[in-house]
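What follows is a set of notes on a single structure, which appears directly below.
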Amino acid sequence: MTSLTPFTTVTGHAAAMPEENIDTDIIFPARFLLLTARDGLGRHAFHDRRYHPDGTEVAGYVLNAEPFRAPAVIVAGANFGSGSSREQAVWALQGLGVRAVIAPALGEIFHNNCLRNGIVPIILPPATVAAMLEAAAAGAPFTVDLEGQTVTAGKADPVPFAIAPERRLALLNGWDETDLVLARFEGAIAAFEAGQRRIQPWLYPEDTTA
Amino acid sequence: MKPRTLYEKLWDSHVVADLGGADAAGGEALLYIDRHIVHEVSSPQSFVALRARGRRLRRPETHLAVADHAIPTRQRGTIDDPLAASQIAELEANVREFAVPYAALDGPEQGIVHVIGPETGFTLPGTTIVCGDSHTTTHGAFGALAFGIGASEQSTVMAAQALRQTRARTMKVELVGTRHPLVFAKDIALALIARIGANGAVGHAVEYAGPAVSAMAMAERMTLCNMTIEAGSRIGLVAPDETTYAFIRGRRLAPQGELFARACAYWDTLRSDPGAAYDRHVTIDLAEIEPQVSWGTSPNQTLPVSARVPDPAQITEPSQRREAEKALAYMGLTPGAPLLGTPVSHVFIGSCTNGRIEDLRAAAAIALGRKVAPGVRAIVVPGSMATRAAAEREGLDRILIEAGFEWRFSGCSMCVAMNDDRLSPQDRCASTSNRNFEGRQGAGGRTHLMSPAMAAAAAIAGHIADAREYVA
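Residue numbers (the numbering used here), protein chains in the order written: chain R, 2 to 211; chain E, 210 to 681.
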């Protein structure tokens with residue numbers, strides 16, 4: 002059932018994005034949604050922040066300077082990943098090499114999309130994130146230990162983070178969620194349908210139109 | 210039994226398996242998914258994932274597909290953009306291969322996912338509804354647990370008809386008081402988001418209640434629920450009632466005859482019980498709400514139309530000050546200047562937020578006998594072909610065209626700017642859509658969110674105007 006890269010411990014530089022409401026339109030502008038592939042989207046990540054209209058790089062943008070061109074972690078202000086449900090935002094981060102996102106609050110659909118793609122979403126108190134934003138900007142290496150559920154910025158003490166136990170297990174093992182649901186719950190799903198059919202038969206058009 | 214809210218009843222009635230992990234928000238469960246709406250932009254990778262594993266759809270009849278995001282609205286029959294054409298061809302090949310019911314691009318039921326779900330009777334109370342689109346919150350107006358999901362989750366729903374979800378906390382938003390006739394659900398939603406913030410409802414399912422909600426037609430309830438995602442919540446709800454049932458009755462995919470009566474009896478049981486507890490309460494007095502206009506690049510950056518552009522120098526909270534500075538720089542606005550009179554180059558009336566017949570009527574009522582100001586490009590994009598046809602039967606198209614608006618075919622159009630309806634850098638648009646994000650309506654474009662009446666007034670005036678001054 003393994004299909005994603007298992008996540009154990011990731012260490013690397015973190016790009017600091019000290020700004021609130023970095024929505025998925027900023028992470029992956031809508032015009033690139035016409036592409037139907039999911040690979041190779043990293044070059045469009047944060048496109049309109051990274052590039053001028055003529056395609057040259059915007060000097061001073063965090064992702065346009067070493068060592069942040071391919072960050073392992075993004076540390077951001079509240080509501081990162083809000084807005085559109087587009088999973089391309091996560092695939093684009095994946096394309097950059099991002100394996101964890103840290104913020105005081107995350108867009109909820111984005112949060113779930115991260116979990117489905119081997120990216121660990123980490124929600125921490127605003128003061129903790131503020132300190133991590135500074136550490137990230139200063140180039141401190143970040144370590145995300147999913148086994149131990151901690152994130153460490155530079156020489157600071159490891160900070161524990163919360164994650165639903167089953168989600169953690171799935172990330173650690175790289176399990177495919179659909180496989181997991183079908184293997185564990187196909188019987189329960191069929192039993193649910195049998196019960197619902199009796200109470201809400203109008204939800205089963207196939208019974209009358211077949 | 211403990212009194213339960215509408216959300217809790219919807220949740221409880223769809224739990225296939227409790228997955229535990231109870232954190233503060235109440236843990237995870239595998240939820241049964243009754244309905245899935247599919248569009249061309251978020252679904253290709255879902256079908257690829259199915260095909261790669263040799264999977265089929267568990268219940269093809271529970272899905273409904275349509276092309277809406279990338280399609281042109283100037284014409285039907287041809288698609289000039291080769292990438293959009295190939296994306297739509299891919300959707301059509303997928304629905305054929307997997308036997309998904311499809312509202313054809315050139316057919317009478319085509320429209321925006323969140324407009325045609327209700328119009329066809331696909332959207333029903335008491336159901337779970339998902340779609341690869343964040344504005345799936347819209348369907349909560351029917352008392353359905355409806356939320357946006359990603360492409361990977363869509364693939365799971367297709368194969369398993371079930372999805373792992375985290376239980377939300379609950380928030381009750383009570384609307385009381387009497388509103389001005391030119392204050393609409395859009396204004397109420399924007400005022401709410403301005404008050405609680407763009408992430409003010411994260412982790413919560415929001416239920417709208419109170420006398421003003423009971424009195425609302427379905428279109429306005431849908432606008433409220435639609436905008437709930439802009440407060441950070443994936444779920445907006447209104448309890449089903451006679452207004453809901455009257456809307457659903459007789460629609461093609463709704464239960465018919467005796468089954469409809471049975472369904473209504475079941476739907477009656479979904480309303481929140483007296484004494485049910487919510488985690489948070491917000492009360493809004495509609496008498497205090499003016500028509501609203503967004504001034505920034507997040508929907509919470511919204512003010513009454515009579516207000517002035519905020520001055521960051523007077524904002525003490527540092528992160529809010531930075532956000533305001535950034536937004537004003539992008540928007541090209543002067544601190545302290547009145548919002549009224551801000552010139553606009555474009556007007557967009559449409560979207561899943563405000564593309565319904567009631568919205569077009571509100572715009573036409575302002576436009577009647579007037580002309581779009583010189584230099585303003587104003588387009589009206591009905592939310593569906595059925596809405597367009599209904600508007601034409603009422604003569605709304607003639608009023609709008611006579612006034613100088615362009616009358617388009619349905620689609621998401623300039624709300625998501627994936628087709629050729631898009632702003633150029635520094636264009637300024639009065640828009641009935643849902644997001645004023647940077648670049649949302651085209652790279653460098655500047656969006657002011659407002660109601661259809663306000664957008665129509667801006668088109669006539671050539672600048673941000675107060676719709677209340679345009680009625681007798």
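From the three backbone atoms N, C-alpha and C, an ideal C-beta is built for every residue, glycine too.
task = Answer yes or no: does any C-beta atom of chain E fall closer than 8 angstroms to that of R:F186?
result = yes
CB contact flag (E:A426, E:T452, <8 angstroms) = In this structure, E:A426 sits near E:T452, with a CB-CB distance shorter than 8 angstroms.
task = Let me know the secondary structure DSSP gives E:C638 once reduced to three states.
result = E:C638 falls in the strand class under three-state DSSP.
query = Under the three-state reduction of DSSP, which class applies to E:W504: helix, strand or coil?
reply = coil
message = Does the CB of R:Q95 have a neighbour CB from chain E at under 8 angstroms?
response = no
Selection from E:H278, E:A226, E:H223 that minimises the alpha carbon distance to R:R32 = E:H278
message = Give me the chain E residues within the contact set of R:D24, using Cβ-Cβ distance strictly less than 7 angstroms, ordered along the chain.
response = F646
Helix, strand or coil at E:Q374 [DSSP, three-state] = It is a strand residue.
ask   = When the cut-off is 8 angstroms and only beta carbons count, does E:A582 lie next to chain R?
value = no
query = Shortest alpha-carbon distance to E:M431 belongs to which of E:I325, E:I246, E:H657?
reply = When each option's Cα is compared against that of E:M431, the closest is E:I325.
Neighbour-count burial assignment, E:P291, 16 or more Cβ in a 10 Å radius = Within a 10 Å sphere around the beta-carbon of E:P291 sit fewer than 16 other beta-carbons, which makes this residue exposed.
query = Run through DSSP, which three-state label would E:G229 get?
reply = In the three-state reduction of the DSSP assignment, E:G229 falls in the strand class.
ask   = Are the C-beta of E:I358 and some C-beta of chain R separated by less than 8 angstroms?
value = yes
ask   = If you drop the 5 nearest sequence neighbours on each side, which residues of the same chain put their C-beta closer than 8 angstroms to that of E:V225?
value = A238, L239, L240, Y241, A371
task = Would you tell me roughly how many angstroms separate the C-alpha atoms of R:P166 and R:I120, rounded to the nearest one?
result = 15 angstroms
message = Taking DSSP's pairing of strands, which residues face E:V411 in a bridge?
response = DSSP, once it has assigned bridges, lists no residue as partnering E:V411.
message = Checking the sheet assignment: what are the DSSP bridge partners for E:V697?
response = The displayed coordinates of chain E run from 210 to 681. Any statement about residue 697 of chain E would go beyond what the structure contains.
Simplified DSSP state of R:I146, which is helix, strand or coil = A quick correction: the sequence has Asp, not Ile, at residue 146 of chain R. Of the three classes helix, strand and coil, the one that applies to R:D146 here is strand, per DSSP.
key: Contacting residues, own chain, Cβ-Cβ under 6 angstroms from E:F456 (five flanking each side not counted)   = Residues of the same chain with a CB within less than 6 angstroms of the CB of E:F456, apart from the 5 flanking positions on each side, are M427 in chain order.
inquiry  = Let me confirm a value: E:T525 is counted as buried when at least 16 other C-beta atoms fall within 10 Å, else exposed. Which label applies?
reply    = So E:T525 counts as exposed.
ask   = Using a C-beta cutoff of 8 angstroms, does E:P521 count as contacting chain R?
value = No - not a single Cβ of chain R is within 8 angstroms of the one on E:P521.
inquiry  = Any beta carbon of chain E sitting closer than 8 angstroms to that of R:F47?
reply    = Closer than 8 angstroms: no.
message = Suppose the cutoff is 6 angstroms on Cβ atoms and the five residues either side in sequence are ignored; what does the same chain contact list for R:V11 look like?
response = In its chain, beyond the 5 residues on either side, A73, R100, V145 have a beta carbon closer than 6 angstroms to the beta carbon of R:V11.
key: Closer than 7 angstroms at the beta carbon, the chain R residues around E:R268   = E207
query = Which one or two residues does DSSP pair with E:R489 in a beta bridge?
reply = E:M380
ask   = Are the CB atoms of R:I124 and R:A137 nearer to each other than 8 angstroms?
value = Result no, Cβ atoms of R:I124 and R:A137 do not sit closer than 8 angstroms.
key: 6 angstroms Cβ shell around E:A599 - same chain, five flanking residues per side excluded   = I566
task = Identify the continuous alpha helix (DSSP H) that holds E:V322 and give its terminal residues.
result = 322-329
Where the beta strand (DSSP E) through R:M18 begins and ends = For R:M18, the enclosing beta strand (DSSP E) has its first and last residue at 10-18.
request  = Could you tell me whether the Cβ of E:A369 comes closer than 8 angstroms to any Cβ of chain R?
outcome  = yes
query = According to DSSP, is R:E151 helix, strand or coil?
reply = Reading off the sequence, residue 151 of chain R comes out as Thr, not Glu. Reduced to three states, the DSSP call for R:T151 is strand.
Partner residues on chain R for E:L239, Cβ-Cβ distance less than 7 angstroms = Near E:L239 (Cβ distances below 7 angstroms), the residues of chain R are V182, F186.
query = Would you say E:A664 and E:S633 are within 8 angstroms of each other, going by their C-beta atoms?
reply = no
message = Please list, in chain order, the chain E residues whose beta carbon lies closer than 7 angstroms to that of R:A106.
response = N408, V411
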